[in-house]
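First comes the structure, then the notes that go with it.
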């Protein structure tokens, strides 16, 4: 078996220099073979360098994508937090209006004119519903105001995710208290109509029944529209 360094098969093997030492070859051919090996080694180094640069580029791109994802996630959390803060502000304003209506109905003049002697049950119902409406509405105003301040402080000192979790945890409580205040206001308005009527005054009783019927019709209509909106969107 003869070794020919000009053959492509031998020039592509990494052990060609070691085998060349065991054969009687000319110095020119040996130098040519060593040069070929150096060229192949240089080509391999360039390929390794290119692969390393490609890997660094991929890592940099992945890091950029991760930073972009975190930034978008934080932006989404900020928008969600702003949505809940606006909702809390809306509940605060509406509860303030309910408090004003309940305070007007729960005034001293209204309580003094109630027929406690002739209609104690109707008078008690009116006072109780007015107290429920006023108490729950004031609770909504206080809790929502404190929660907005607390959530904004958490967003500045801790994180937006923590603030968002806190406001989500307390929103059902505020919503429940607000609904109870509306029920109390509705009950106070309905019981006042019957409390001011005498037992033998059929016209006043009919007017009260008509007004209560209108209240119930408007409430059912509002619930129907809300349900349609919830199912459509």
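Residue numbers (the working numbering): 84 to 316. The C-beta atom is built at its ideal place from N, Cα and C for all residues, glycine as well. Treat the numbers as computed from the prediction; the structure is a model and nothing was measured.
Other residues of its chain near residue 206: CB distance less than 8 angstroms, five sequence neighbours each side excluded
197, 198, 199, 278
What do you reckon, are the CB atoms on residue 276 and residue 294 nearer than 7 angstroms?
yes
Who are the Cβ neighbours of residue 267 in its own chain at under 6 angstroms, not counting the five residues just before and after it?
212, 215, 216
Measuring CA to CA, which of 203, 225, 264 is closest to residue 219?
264
Would you give the residue range spanned by the alpha helix (DSSP H) that residue 285 belongs to?
Residue range 285 to 315 is occupied by the alpha helix (DSSP H) that includes residue 285.
Indicate the three-state DSSP secondary structure (helix, strand or coil) for residue 200 in the structure shown.
Looking at residue 200 - three-state DSSP - the assignment turns out to be coil, as it is neither helix nor strand.
For residue 274, report the span of its alpha helix (DSSP H) as first-last.
243 to 278
Contacts around residue 274, its chain only, beta-carbon distance under 8 angstroms, and the 5 residues preceding and following it disregarded:
205, 208, 209, 212
Give me the Cα-Cα distance between residue 232 and residue 240, rounded to the nearest whole angstrom.
Their backbone Cα atoms lie some 12 angstroms apart in a straight line.
For residue 167, count the other beta carbons within 10 Å of its own beta carbon; 16 or more makes it buried, fewer makes it exposed. Which is it?
buried
Starting from the Cα of residue 174, find the closest Cα among 155, 257, 244 and give me that residue.
257
Between the alpha carbons of residue 291 and residue 300, how many angstroms are there, rounded?
Computed Cα separation, rounded: 14 angstroms.
Taking one C-beta from the region 153 to 171 and one from the region 243 to 257 each time, how about it: are there three or more such pairs within less than 8 angstroms?
yes
For residue 272, which option in 138, 296, 228, 306 has the closest C-alpha, if you only look at C-alpha atoms?
296
State buried or exposed for residue 187, treating a residue as buried only when at least 16 other CB atoms are found within 10 Å of its CB.
exposed
Would you mind stating whether residue 230 and residue 253 have Cβ atoms separated by less than 7 angstroms?
yes
Quick one: is residue 182 buried, meaning 16 or more other Cβ sit within 10 Å of its Cβ, or exposed?
buried
Return the chain-ordered list of same chain residues with a C-beta closer than 8 angstroms to the C-beta of residue 315, the five sequence neighbours on each side being excluded.
none
With a CB to CB cut of under 7 angstroms and the five nearest residues on each side skipped, what residues in its chain are close to residue 280?
Excluding residues within five positions, the ones whose Cβ falls inside 7 angstroms are 287, 288, 291.
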